[in-house]
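Have a look at the structure below before the remarks.
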Amino acid sequence: MTNDSRRLRFGMVGGGDATSVGALHRNALRLNGDTELVAGVFSHDLEKSRRIGAELGVAEDRVYASAEEMAVAEAARPDGIDFVDISTPNAFHYPASKAFMQQGIHVACEKPLCLTPEEGEDLELVAAESGTLFCLMHTFTGHAMSREARALYEDGVIGQLRTVVVEYPQDWLVDALEQETEQDKTWRSIPELSGRGAAIGDIGSHMENWVHYVTGLRVTAVLANLEAIGAGTMLDNNFQVITKFENGASGFFWGSQVAVGYDNAFKVILLGEKGSIEFWQENNNYLVLRLRDQPAQILSRGSSYSRPESLKYLRTPKGHPEGLTEAFANIYSAFTDAVRDRQAGVVTPEHDYGYPTLSMGLAGVRFFNACVDSQEAGNTWVQL
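The numbering of the sequence shown is my numbering, which starts it at 351 and goes up by one.
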């Protein structure tokens with residue numbers, strides 16, 4: 351990273367609600383302490399947006415009516431933003447990201463990248479033409495032990511992947527099943543805002559991304575069963591997907607947002623030729639490593655045997671739990687390193703910084719759209 355000590359200026363699109371993911375983004379950036387929020391579109395209601403901006407310390411003349419207006423205005427300012435954080439419902443990720451990249455402003459965006467592969471491919475072209483950086487906020491890759499898992503896999507500790515099992519049950523939409531209309535439930539249940547899939551795009555994208563991030567392997571084919579449980583439910587809230595990967599490995603993904611009794615139980619088992627790695631997000635300070643003819647090993651974050659890739663993001667001594675905010679902060683730390691380097695004229699491949707990239711996001715969009723295609727075709731195999 352360059353030695354520029356100036357705090358990076360950033361703006362936000364969305365994320366105005368104190369309970370929203372945008373608040374998590376702001377808290378993570380505060381934890382890093384090297385950025386300042388100076389602009390935003392915090393709501394589609396301009397007056398509400400101005401109230402939120404005032405609460406967040408943003409000057410009224412830098413609270414805008416739209417992402418497009420903000421992108422043009424901030425690009426023209428000598429003290430304009432260095433990057434933008436996009437924390438809107440899914441349908442707005444593509445137009446907002448494109449607007450800022452076209453003005454040469456770097457982007458950090460909530461997942462999924464966009465709604466369709468065509469939108470993602472267009473964003474790739476815009477990024478290439480504008481030279482802008484793009485960070486996709488797939489939070490679970492930011493955990494130190496996700497970085498440890500990636501280093502272990504890249505070093506060949508478990509050998510080539512043979513199969514993967516991923517489960518992600520939640521129960522936060524159980525109460526919504528009793529609501530009378532889609533609008534009473536959540537924007538994730540509304541196709542115009544969520545896209546063709548709900549749970550498959552929301553949490554299924556996490557599954558595909560974590561495996562892709564750790565192993566470098568892309569999904570090449572899917573056979574999906576998407577279920578919309580509950581009267582009047584328009585989009586999926588429970589799913590099972592069989593996957594094939596580019597190296598011939600297979601996988602099984604199960605996700606649900608109506609699994610009673612489960613909080614946020616994202617869990618992955620990577621089974622390789624020589625052993626396996628197990629990661630559980632709710633116990634993310636540890637990994638389980640199983641090698642042939644050896645007892646299972648519980649690896650602890652921040653230990654003497656930990657890989658440099660995970661130690662780089664050590665914030666507290668081992669045994670003192672780190673969580674979701676730190677994971678967000680770790681991703682932002684890598685991204686702001688990249689922004690500072692780019693501003694200093696240092697051009698390094700985004701992959702080398704370790705944050706989820708636009709190309710990873712496009713792979714995720716192709717994945718969940720293929721799952722919907724599989725469901726609509728009668729639960730048949732679909733090639734990506």
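For glycine and all other residues, C-beta sits at the position ideal for the given N, C-alpha and C.
Please read these numbers as outputs of a predicted model, since none were measured by experiment.
Item: Residue 513 and residue 639: beta carbons closer than 8 angstroms?; Value: no
Item: Going by beta-carbon coordinates alone, are residue 359 and residue 388 separated by less than 8 angstroms?; Value: yes
Item: Have a look at 722, 669, 734, 707 and flag the residue whose alpha-carbon is nearest the alpha-carbon of residue 541.; Value: 722
Item: If you reduce the DSSP assignment to three classes, tell me which class residue 533 lands in.; Value: Annotation note: pLDDT 49 at residue 533 (below 50); position unreliable, no value reported.
Item: Buried or exposed: where does residue 485 fall if 16 or more other Cβ atoms within 10 Å of its Cβ makes it buried?; Value: buried
Item: Please name the residue in 571, 632, 702, 470 whose C-alpha comes closest to that of residue 489.; Value: 632
Item: With distance defined between alpha-carbon atoms, name the residue in 367, 642, 668, 515 nearest to residue 650.; Value: 668
Item: If you run the structure through DSSP and keep just helix, strand and coil, what is residue 640?; Value: strand
Item: State yes or no: is the beta carbon of residue 593 nearer than 8 angstroms to at least one beta carbon in chain B?; Value: Note that chain B does not occur in the displayed structure, where there is just one protein chain.
Item: Tell me the DSSP secondary structure of residue 448 in three-state form.; Value: helix
Item: For the segment 582 to 592 against the segment 500 to 512, are there 3 or more C-beta pairs whose distance is under 8 angstroms?; Value: no
Item: Just the Cα atoms here: how many angstroms apart are residue 397 and residue 587?; Value: 34 angstroms
Item: Where residue 390 and residue 408 are concerned, what is the direct C-alpha to C-alpha distance, given to the nearest angstrom?; Value: 8 angstroms
Item: Just to confirm, are residue 614 and residue 520 a CB contact at a threshold of 8 angstroms?; Value: yes
Item: Would you decide whether residue 534 is buried or exposed? Buried here means 16 or more other CB atoms lie within 10 Å of its CB.; Value: Bear in mind that a pLDDT of 47 at residue 534, under 50, signals an unreliable position, so the number given afterwards is only what the model happens to contain. Classification for residue 534: exposed.
Item: Alpha carbon to alpha carbon, how far is residue 448 from residue 474? Give it in angstroms, no decimals.; Value: 10 angstroms
Item: Does the beta-carbon distance from residue 555 to residue 461 come in below 8 angstroms?; Value: yes
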